[in-house]
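Structure first, then comments.
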Ligand code: FES
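In our numbering, the protein residues as written are 14 to 191.
Right, here's the structure in full:
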């Protein structure tokens, strides 16, 4: 199905291309880039990579289609396919390496793990037997604790334990802006 084109969004491309020069707007206008993606890249076959880039089972290479990050994988069953390189939980990038060999991808944010065939294989909250939101809260708290420790270490001041405790309590409060 193709989306209807709004006439007011049309750009006069002919006016931007002259026999001896092209308007630089073609290279940096976000609206033109958006139309290029919609009308060309998202409507036809796109060359993403070659099978020779993933010769062995579990090989992968990170790629992109426009702004969309993808993984070209030779999966554990022998199929070659594309997966979104984006965690369906909160949209974090799933794999940060350019290439490698692995049968699963674990999101660094909350540790959801996916097989290279695309299925959810498991997540830390499931393994620990806790609710995901409780684990999210703990991870958030630990991240902020790490920030606090870094800030304190960088402050070069003698900080007493009571002050550290106050900061930690404040960090564990949703509205805290320390
Ligand atoms: S964003 Fe990936 S596990 Fe939460």
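No residue lacks a Cβ here, since even glycine has one placed at the ideal position from N, Cα and C.
Residue closest to residue i, alpha-carbon to alpha-carbon, out of the options
i	options	result
residue 98	28, 90, 107, 32	107
residue 23	48, 58, 168	48
residue 4	69, 121, 133	Here the chain covers residues 14 to 191 and nothing more, so residue 4 does not appear.
residue 122	90, 128, 150, 142	150
residue 85	120, 129, 103, 58	129
residue 100	81, 92, 91, 111	81
residue 92	64, 139, 127, 144	64
residue 89	127, 55, 53	127
residue 44	26, 144, 168, 32	26
residue 41	29, 135, 33	29
CB contact flag (residue i, residue j, <9 Å)
i	j	result
residue 109	residue 124	no
residue 131	residue 94	yes
residue 79	residue 50	yes
residue 83	residue 61	yes
Cβ separation of residue i and residue j, assumed to be a contact under 8 Å, to the nearest whole Å
i	j	result
residue 87	residue 69	6 Å
residue 148	residue 141	7 Å
residue 102	residue 120	7 Å
Check: residue i C-beta below 8 Å from any heavy atom of the ligand MN
i	result
residue 124	In terms of ligand content, the structure shown lacks the ligand MN and carries the ligand FES instead.
> Are the region 108-115 and the region 59-78 touching, with three or more C-beta to C-beta distances below 8 Å?
Replying inline: The region 108-115 is in contact with the region 59-78.
>> Give the list of continuous alpha helix (DSSP H) stretches no shorter than 4 residues that lie fully inside the region 93-158.
In response: Taking only runs of at least 4 residues, the alpha helix (DSSP H) segments lying wholly in the region 93-158 are 137-141.
> For the region 33-64, which segments carrying the alpha helix (DSSP H) assignment without a break, of at least 4 residues, lie completely within its bounds, in sequence order?
Replying inline: The qualifying runs are 38-41, 43-49.
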